[in-house]
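Each residue of the sequence shown is one higher than the one before, starting from 3 at the first, in this note's numbering. All remarks here apply to the structure that follows.
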Amino acid sequence: MEGIDYLVLTAANSSQASGYRRHLADRKRDGQLAGVAQCWVIADPNTNRLGSGGATLVALLRIVEDLARRQTSTSDFVELLSGQRMIVIHSGGESRRLGVYASEGKIFAPLPCQAGPENRPATLFDLILGNLRRLQPPREGHLLIASGDALLSWEGSPPNLGKGDVVGLFFPGTPSLGARHGVFRLALDGHVVDYQQKPDAGDSRRQRTAAASEVAFIDSGIVSFRPSVCAQLLSMAGARLRRGRVEQSGGLLHDLISGRCPGVDLYREILVAMSPRHNRTSYLLEMEQAGVLAHGDRVQRRRLSGLFSAIHGNRLQAESLPCCDFLHLDTIDDLLDSVTTLNRTGQRHGFRNLHRALVRGQRVHNEAVVYNSVIDAESVQLGQRVFIESSHIRGKSVSLPGRNVVVGWPREAGFRLALPENWSLVCLPVRGKKWAAMAFGGEDDFKTPRQDGGSFGNAPMDEFLGMHHIPPERIWTRNHMPETLHNAKLWTIGTIEEALRGVLWMCRTEGKEASHRPDGWLESRRVCAAHLMRIVDHSRIIDGRAEIQRLVEIEQIGARLADEPRLAASRIVDQIRGRKEACNAVAQLNGLLSPSTAPLVRARAAKLVESIGKKFPAAFRGLMHVSEKQLSRVAFDAIAEAVQRQIATAESPREAAILPDQVCWATCPARLDLAGGWSDTPPICTELGGAVVNSAIMLNGQYPIQVIAKLSDEPKIALSSIDLGHRIEITDAQSALEYREPGDWAALPKAALVLSGICPRTPKQSLKSCLKTLGGGLELTLFSALPKGSGLGTSSILGAAVLACLARVVGEPVGREALIARTSVLEQMLTTGGGWQDQVGGITHGTKLAQTAPGPEQIPSIRWTGLDMSADPEFASRVLLYFTGQTRLAKNILQNIVGRYLARDSDALRIIDQLKDEAARMKESLDRGDLSAFAAGVDRYWELKKGLDPGATNDSIERILARVDKYLVGKVLPGAGGGGFIFMVARDREAAQKVRQLLNASPPNPHARFFDFEVDHQGLHVTVL
């Protein structure tokens, strides 16, 4: 997905713009705007409404001003804008027909679903931007424009935006729907014949050419302008680029910003000007008919003529959005239709009732939708087509009979919430820590003057004024102001009680209080909706909604663990305020710690309780199934259980399949990891899938890992380690089962013997009986030419070799996939808990990319690269493998990283995603034989390892690297790091020789040395001699 150079939101005024900036800042902090270089909000000036076309021109002006400061030598707008991906989302309308979101802006109206990397509650903006990101810009760049109140969701490949100078996207719909929007008229070959803005339904039928009967090609509001057209618009509007500066010499831009001309509509004036049907005369006539051009207004005629001349010759292209769903939040009915009825948009984006909501008490709700809300009442009566959002409602009862919308009801409101049918209510915090509330009917449009039948409460406005003896001049106090509901001073400013008391009486249409106007209401401080938009406190709206979400989320922690796989423990801990909430959270999680819970959910719950308890120690007292000290063990035992569930183990003793005088011999190369390590570790790979690139390598021409097994006459098991010089004898089952201490060299062969079914699984079973079935005792000899903690996968590969050797002893055919899985179980039995990449790297030959899909059965698919870096002359001359002389056990490292993952640490998740991406890139680099890209990938791998675990390096390692770093273009410590080997890629052959000379001349310790290595093409080899 390509990045966005400029993302611009337009706003109706400076107050709304401040709210938009807060929303965008929150998203930038949470990573939801990744890839967006510049993110701006541009508000209409106080002097004038710019219109969508005027706001587009101002946005373009600000963009070229910014670019000109960066590219001072450019003297042409087209060159300046070339290659830029610019998106403008028009969101500065007054939303008069959807009053509940008019003040804060429909673009940030919440929707009952989730969005973003952390599954935060979604708004219309989040879904719109997600769709716009799917549209690939033309090679030369473009300006992409969209409407902030319309969500278009389509299936299949996105349309081609490179076919015309201006490309509009359309979807098929009914002529009646087209009458509310723009409509394209297409010829049979698909090119645009005409573009009309809001034609009547009959006209759109008559104008149809390529469409089937009763179908109109409806403008989606998404339009792409090439840089050349953007340059024409800027020049037409009076902008000039001179010596790296953008200047305005009068013109349309100057008139718009200064308020000297009416706003320009993008669709009605600019797109219509591009219609092939028009010439200048017909265009100006249509503008007169649309009310844009008054008869005799020479100045406006000159402006529109200049606009037409500048852009009319451009090719207007229309492209279809395949299988498109259209959600338009224009009216109360639109809002109710979008969330209370079954529709494809809701299904596609996961709209869900009671999303982030709590409804307590006896409730009856028929198709009501409640989200981002808490309702705590004894009785909740909700009828059909009821919508409640961003509200914290308390009291004895709630009564909303149907077709009601309630937004922003605050916790401190001391009133009973009850509205008549088809009424809506919004509570708005305003500056000075005050409140306002607005109530209105579903049929009220806030636009129509009362003299023309404008309504309030679904009845003529004059009827309301007359019923309550309110003189119109007390409601509309300015001369020449249109007497609309938008301009009516009906809404009281004060405390929340004063604000609600000043509005709820208006909704009472029946009973003895129907005509009662509160005393003092006419004398109270009242404002109109137009003024409210300028004084709303957007931070309090956002903070209030966030507090409701917090209250809901800390009551639903268990469900969130299941629903939100990337939910960070730190986010939950940060949401908890005080001991009481912490104890409640642990009480919720108690049930998830029981053995009946799915293992990985149990592991995550244990880590979350541990995180909560670190901040609120008193919360540990509520633990029921485990103690505080057992939480970490519970988590890792659960992971081991999840891994072991997938492997069928031997339940009964087995007979030997070799003769007493035969020897079973297994040899294996070591593993050199080049990309993706840690993504293969349970439960990371189980839940996200893993991807690694590694090589099977021989060291100094030898296989460094070998295992020998031979039957013996005595009824015992003898374990020997040639490299360590140790030997022990096992004569009873209890001794064989003592394998959970990874510091014990014999733990690995003991666990392998149990896993293979040669030794008993419980102390109650008899070892002698098992050996009698086997056909004698067993001598098992291990050899590793590598020290433990070398970073080359020694332990896991040795475990795989032991398992393979024992399987051959009892005649069990074990394939590659089974051996990989069985070795993972062995690691869990040893409590070291490693991933699958070590055994994949050792038992499978060559250099390869191994990948797994999420799921309990981790079966890697393997794709080999054709390059042998030890045989390629250029690679071989520049790669080095150096043993540092210090080792480190990977267990604590692994526990730390898995712990970060279980806590859903956001940085850890990001790094894991990058590790997997880097594995794919590394495979491509090797396939191309691109040594530079290979070296850069190795270096990035090292940085990612250190980001995941700072302990991957230490002072000793850094001192070694500092001595040779100027000769290197890539380096990494294989495995967990912190010691063991360093893999280095030198700048050239001479640099490689210099590194050898420096470290050979003065090694950091007596054990440090270079190893020659070569890529092995055999992998695990088991023979019987």
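Quick reminder that beta carbons are idealized off the backbone N, C-alpha and C, glycines included.
Which residues DSSP lists as bridging residue i, in chain order
{"i": "residue 675", "result": "696"}
{"i": "residue 983", "result": "885"}
{"i": "residue 507", "result": "DSSP, once it has assigned bridges, lists no residue as partnering residue 507."}
{"i": "residue 359", "result": "375"}
{"i": "residue 88", "result": "8, 145"}
{"i": "residue 226", "result": "146, 169"}
{"i": "residue 175", "result": "218"}
{"i": "residue 313", "result": "Per DSSP, none; premise fails for residue 313."}
{"i": "residue 1", "result": "With the chain covering only 3 through 1027, there is no way to say anything about residue 1."}
{"i": "residue 1", "result": "The chain is shown from 3 up to 1027; residue 1 falls before or after that span and cannot be answered."}
{"i": "residue 394", "result": "376"}
{"i": "residue 196", "result": "187"}
{"i": "residue 519", "result": "DSSP lists no partner for residue 519."}
{"i": "residue 2", "result": "The shown model of the chain, from 3 to 1027, leaves out residue 2, and the question about it has no answer."}
Nearest-angstrom Cα separation, counted from residue j out to residue i
{"i": "residue 673", "j": "residue 580", "result": "49 Å"}
{"i": "residue 2", "j": "residue 394", "result": "Nothing can be reported for residue 2, as the shown portion of the chain is limited to 3 through 1027."}
{"i": "residue 628", "j": "residue 349", "result": "41 Å"}
{"i": "residue 130", "j": "residue 93", "result": "12 Å"}
{"i": "residue 95", "j": "residue 576", "result": "36 Å"}
{"i": "residue 317", "j": "residue 275", "result": "11 Å"}
{"i": "residue 847", "j": "residue 797", "result": "18 Å"}
{"i": "residue 207", "j": "residue 335", "result": "Residue placement at residue 207 is flagged as unreliable, the pLDDT there being 45, under the threshold of 50; the coordinate-derived value follows with that caveat. Each residue's alpha carbon lies about 26 Å from the other."}
{"i": "residue 754", "j": "residue 623", "result": "40 Å"}
{"i": "residue 328", "j": "residue 11", "result": "21 Å"}
{"i": "residue 50", "j": "residue 261", "result": "5 Å"}
{"i": "residue 495", "j": "residue 359", "result": "29 Å"}
{"i": "residue 379", "j": "residue 400", "result": "7 Å"}
{"i": "residue 463", "j": "residue 24", "result": "37 Å"}
{"i": "residue 1012", "j": "residue 884", "result": "4 Å"}
{"i": "residue 81", "j": "residue 881", "result": "45 Å"}
{"i": "residue 209", "j": "residue 339", "result": "The pLDDT assigned to residue 209 is 49, lower than 50, so where the model puts this residue is not dependable; a value taken from the coordinates is nonetheless given after this. Distance between the alpha carbons of residue 209 and residue 339: 30 Å."}
{"i": "residue 381", "j": "residue 402", "result": "11 Å"}
{"i": "residue 1025", "j": "residue 861", "result": "25 Å"}
{"i": "residue 480", "j": "residue 533", "result": "13 Å"}
Residue burial classification, residue i (beta-carbon count within 10 angstroms, cutoff 16)
{"i": "residue 669", "result": "buried"}
{"i": "residue 937", "result": "buried"}
{"i": "residue 752", "result": "buried"}
{"i": "residue 642", "result": "buried"}
{"i": "residue 15", "result": "buried"}
{"i": "residue 521", "result": "exposed"}
{"i": "residue 465", "result": "exposed"}
{"i": "residue 301", "result": "exposed"}
{"i": "residue 48", "result": "exposed"}
{"i": "residue 875", "result": "exposed"}
{"i": "residue 282", "result": "exposed"}
{"i": "residue 656", "result": "buried"}
{"i": "residue 609", "result": "buried"}
{"i": "residue 909", "result": "exposed"}
{"i": "residue 211", "result": "Any reading at residue 211 needs caution, since the residue's pLDDT is 45, under 50, leaving its predicted position unreliable; the model's value is listed next. Flag for residue 211 reads exposed."}
{"i": "residue 374", "result": "buried"}
{"i": "residue 351", "result": "buried"}
Rounded distance between the beta-carbons of residue j and residue i, thought under 8 Å
{"i": "residue 959", "j": "residue 886", "result": "7 Å"}
{"i": "residue 626", "j": "residue 592", "result": "5 Å"}
{"i": "residue 762", "j": "residue 738", "result": "7 Å"}
{"i": "residue 227", "j": "residue 168", "result": "6 Å"}
{"i": "residue 217", "j": "residue 174", "result": "5 Å"}
Below-9 Å beta-carbon distance, residue i vs any chain C residue
{"i": "residue 763", "result": "The structure shown has no chain C; it contains just one protein chain."}
| query | Hey, which unbroken runs of the alpha helix (DSSP H) at 4 residues or more fall wholly within the stretch 438-499? | reply | Correct list: 463-469.
| Which ranges does the alpha helix (DSSP H) cover as unbroken runs of at least 4 residues, wholly within the stretch 950-975, from first to last along the chain? | Runs of the alpha helix (DSSP H) lying entirely within the stretch 950-975 and spanning at least 4 residues, in chain order: 957-966.
| message | Quick check for students: name the residue ranges of the alpha helix (DSSP H) that lie wholly in the stretch 44-74, counting only runs of 4 or more. | response | DSSP runs (the alpha helix (DSSP H)) wholly in the stretch 44-74: 53-72.
| field | 4 or more residues per run - each alpha helix (DSSP H) lying fully within the stretch 575-619 | value | Annotation: the stretch 575-619 contains the following complete segments of the alpha helix (DSSP H) (minimum length 4 residues), in chain order: 581-592, 601-617.
| task | Please specify which runs of the alpha helix (DSSP H), each continuous and at least 4 residues long, are wholly inside the stretch 743-816, giving them in chain order. | result | Entirely contained in the stretch 743-816, the alpha helix (DSSP H) runs reaching 4 residues are, in chain order, 749-757, 769-776, 796-811.
| message | In chain order, what are the residue ranges of uninterrupted alpha helix (DSSP H) at least 4 long that sit wholly in the stretch 850-911? | response | You should have 875-880, 892-904.
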